[in-house]
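Protein chains in written order, with the numbering used here: chain G, 50 to 246; chain S, 50 to 246; chain C, 50 to 246; chain B, 50 to 246.
Every residue, glycine too, gets a C-beta built ideally from N, C-alpha and C.
Remember, it's a predicted structure, so these values are computed and weren't measured experimentally.
Take a look at the structure set out below.
4 protein chains.
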Amino acid sequence: MGTNRLEAFSDGVLAIIITIMVLELKVPHGTAIDALVPLWPVFLSYVLSFVNLGIYWNNHHHMLHATQRVSGAILWANLHLLFWLSLVPFTTGWMGENQFAPAPTALYGVNLLLAAIAYWLLQRAILSAQGSESLLAAAVGSDWKGKLSPALYAIAIPLAFVREWIAGGLYVLVALIWLVPDPRIERALVKREGGPR
Amino acid sequence: MGTNRLEAFSDGVLAIIITIMVLELKVPHGTAIDALVPLWPVFLSYVLSFVNLGIYWNNHHHMLHATQRVSGAILWANLHLLFWLSLVPFTTGWMGENQFAPAPTALYGVNLLLAAIAYWLLQRAILSAQGSESLLAAAVGSDWKGKLSPALYAIAIPLAFVREWIAGGLYVLVALIWLVPDPRIERALVKREGGPR
Amino acid sequence: MGTNRLEAFSDGVLAIIITIMVLELKVPHGTAIDALVPLWPVFLSYVLSFVNLGIYWNNHHHMLHATQRVSGAILWANLHLLFWLSLVPFTTGWMGENQFAPAPTALYGVNLLLAAIAYWLLQRAILSAQGSESLLAAAVGSDWKGKLSPALYAIAIPLAFVREWIAGGLYVLVALIWLVPDPRIERALVKREGGPR
Amino acid sequence: MGTNRLEAFSDGVLAIIITIMVLELKVPHGTAIDALVPLWPVFLSYVLSFVNLGIYWNNHHHMLHATQRVSGAILWANLHLLFWLSLVPFTTGWMGENQFAPAPTALYGVNLLLAAIAYWLLQRAILSAQGSESLLAAAVGSDWKGKLSPALYAIAIPLAFVREWIAGGLYVLVALIWLVPDPRIERALVKREGGPR
């Protein structure tokens, strides 16, 4: 079985998640510019989640591009990832509507942590189906980003109850780390497809 | 006519159904962790429906993968299945928001039962278009899961009015039975594509 | 330019339209079976619109399958059709929530009439791009269904103010006429692809 | 990496944005035709945004059709464009529900301006990946539309506070300028694929 329909379904779910988040941005009642001020934290949390989901889509895209076979375990690991990502609109909304209050900010981190673990499990499932000699295995290598991110989330969650902005800053930091698509996978792909070596 | 666009449309509808269900998880008003407690049954019913829709997507995927021709009857049997699945967000929401009260729990079972029957009808339509000698016919074989599931739902529905948790337990049991993608179809596909026999 | 992306986009929009309609089925507040009774007209109008959108998807599918080239006129004629179909959840909701009151029932007919005209314009645009000798031109032939449907809608709209059920009955009648995918196109396609004659 | 999945994801997001806008058209409470009158500005702003998103889809379609390679910069420039487009349902809703009041009308222009800039950046990213000798570079040429549109939006935004209808008129004017898909790209594509020269 190829990866086409898995990608198509994941794209569909990710596209919908990323788009229904904007429904949390409720149309304000006033007609003056001031009416937008209370929406500021909602907008900010929307931007953060949009970027995070964009990163997942981007990396998911690269990872499945390097995948040849789809097994039952991969299908379910993928659905497991989509499950946690589908909760992002909810946790984003709770955090945004409460001006980054401690508990909502911590829960947002829990959601991101569980999604990161689910992504790691999906990568495991793909690697074990492809074999340790595979293109993806070589490309992923030490995977320091994939190990650092959950660690940073795990630190951020309790810190949300001390200072919310520390947790928020750590979420932004993880996003910045990932913002660039993984050059190792791209390099490995280029090597296979293009060059003599 | 190929199965491509049928798969794409079904994927789109399933992706949307699975994602808009999360809109039932309304952002709570408080900012404390306690504010999440009343959402527990809504979350639980979301998980159950997410898994059920994932199973349908998975099996639908396998079944259409073994389908070569699409007839008008298949198109409409597929839309009929999507119709009952499109009601899952509604019945899930009613059950979750009422802490698994008897009538909503029974209605959820009715919905699952009708979807199971629709799936069986779709399988019939595909089998009759492919012929009894087809790959899918061999793969489906006795189809004990497809026969057991509606029977368990039919038992669960009246029992929801006796003890809700018995009905809920039966719904979970059916999900567990299906959780693994059908090995018979996979085996038959492997046989055709890969091996000498 | 091929028809692939046009089909994919149309599939996406149709899948979303068909699915967000179910959001009009608001989760009732009571927990007894009676709580569902007021939802009956909403459910009925949902079924009617689901079938109508299924018919559009089905026929759109067949028509584009017989299309080789996509022009700018076809792209915009297609968006025009999607525009009127995108209003179906709104007109369905107004009709369903008001138990098929005269004005909402008439507006529903206006929506269906404008969608039928848009479909006819799209067919015109495709035919003029393919040429009158084309496969589709032969397949469409006299197109009695495409001419009868708008006429029946035009009759139904004023009758909604006399007796609502006459208008509703005519909407159901048009759906029944279209329910079967157009055998002429299928026959012409089969002729081209498969047989010696 | 090909453009397929980028197109599929963009199509998904655009299809959802275009469709959830209709959720702003809330079902009115009355059953008389008069109940629709207050919806007039909401409907009008929906039409304007539907056409604008249709234009973006159309041009995006043509631009990616002339794209051979997808880089990380293109992926993110594309997500950046989708981000601003995802806010269109919000700004459309605010403008429509307030009968084109000055501030909402200006904000709508800001949204369109930022989307136009994002589109220009995406075109830059694609051109720099394809090289100045590329098909797209030749096709885009002087790109007077792409330069005029942001200028007109920038003029319209302050004018919304003087006379709302001037801003609205300028938005419609930009839409009319773009309504026709870019003949230069189509001509260049035809030249490459079809003709001897």
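Inter-residue CB distance, residue i and residue j (contact presumed, cutoff 8 Å)
| i | j | result |
| --- | --- | --- |
| residue 143 of chain S | residue 156 of chain S | 7 Å |
| residue 136 of chain G | residue 160 of chain G | 6 Å |
| residue 226 of chain G | residue 196 of chain G | Not really, about 11 Å apart at Cβ, beyond 8 Å. |
| residue 138 of chain G | residue 73 of chain G | 7 Å |
| residue 61 of chain G | residue 61 of chain S | 6 Å |
Residue i, DSSP secondary structure in three states
| i | result |
| --- | --- |
| residue 92 of chain S | helix |
| residue 209 of chain C | coil |
| residue 68 of chain B | helix |
| residue 99 of chain S | helix |
| residue 74 of chain G | coil |
| residue 118 of chain C | coil |
| residue 195 of chain S | helix |
| residue 58 of chain S | helix |
| residue 246 of chain G | A caution first: residue 246 of chain G carries a pLDDT of 32, below 50, which makes its placement in the model unreliable, though a value can still be read off. If DSSP states are grouped into helix, strand and coil, residue 246 of chain G belongs with coil. |
| residue 52 of chain G | coil |
| residue 147 of chain B | coil |
| residue 216 of chain S | helix |
| residue 140 of chain S | helix |
| residue 203 of chain S | helix |
| residue 81 of chain G | coil |
| residue 134 of chain C | helix |
| residue 170 of chain G | helix |
| residue 227 of chain B | helix |
Nearest to residue i (by Cα), restricted to the options the options
| i | options | result |
| --- | --- | --- |
| residue 200 of chain S | S/228, S/177, S/163 | S/163 |
| residue 90 of chain C | C/126, C/116, C/138, C/146 | C/146 |
| residue 202 of chain C | C/192, C/222, C/211 | C/222 |
| residue 220 of chain S | S/114, S/192, S/102 | S/102 |
| residue 121 of chain S | C/120, C/115, C/110 | C/110 |
| residue 131 of chain B | B/214, B/55, B/204, B/93 | B/55 |
| residue 211 of chain S | S/113, S/149, S/96 | S/149 |
| residue 173 of chain B | B/98, B/77, B/112 | B/112 |
| residue 209 of chain S | C/71, C/74, C/80 | C/80 |
| residue 71 of chain C | C/99, C/87, C/86 | C/99 |
| residue 118 of chain G | G/86, G/207, G/177, G/78 | G/177 |
| residue 128 of chain G | G/116, G/171, G/88 | G/171 |
| residue 207 of chain B | B/158, B/218, B/87, B/198 | B/158 |
| residue 53 of chain B | B/124, B/77, B/76, B/75 | B/124 |
| residue 228 of chain S | G/218, G/126, G/165, G/166 | G/126 |
| residue 77 of chain B | B/214, B/88, B/179 | B/88 |
| residue 165 of chain G | G/179, G/198, G/175, G/192 | G/198 |
| residue 115 of chain G | G/175, G/75, G/97 | G/175 |
Within chain A, partners of residue i - CB distance below 8 Å
| i | result |
| --- | --- |
| residue 74 of chain B | Here the protein chains are G, S, C and B, and chain A is not one of them. |
Beta carbon of residue i nearer than 9 Å to that of residue j
| i | j | result |
| --- | --- | --- |
| residue 64 of chain B | residue 58 of chain C | yes |
| residue 224 of chain B | residue 154 of chain B | no |
| residue 141 of chain S | residue 105 of chain S | no |
| residue 204 of chain S | residue 134 of chain S | no |
| residue 82 of chain S | residue 69 of chain C | no |
Any non-hydrogen atom of the ligand ZN closer than 8 Å to residue i Cβ
| i | result |
| --- | --- |
| residue 198 of chain C | Among the components modelled here there is no ligand, and therefore nothing to report on the ligand ZN. |
Identify each residue in the segment 90–123 of chain S for which the Cβ-Cβ distance to at least one residue of chain G is less than 7 Å, and report them in chain order.
Cβ contacts with chain G come from 99, 103, 106, 107, 110, 114.
Under 8 Å, CB to CB, which of the residues in the segment 205–216 of chain B have a partner in chain G?
Closer than 8 Å at the C-beta level to chain G, one finds no residue of the segment 205–216 of chain B.
Chain G contacts from the segment 165–177 of chain B (Cβ-Cβ distance under 7 Å):
Within the segment 165–177 of chain B, no residue qualifies.
Would you list, in chain order, the members of the segment 149–163 of chain C that have their beta-carbon closer than 8 Å to a beta-carbon of chain S?
Listed by position, the residues of the segment 149–163 of chain C near chain S (Cβ gap below 8 Å) amount to none.
Taking a cut of 7 Å between CB atoms, which residues from the segment 55–67 of chain S lie near chain C?
Of all residues in the segment 55–67 of chain S, those with a C-beta nearer than 7 Å to a C-beta of chain C are 57, 58, 61, 62, 65, 66, reading in chain order.
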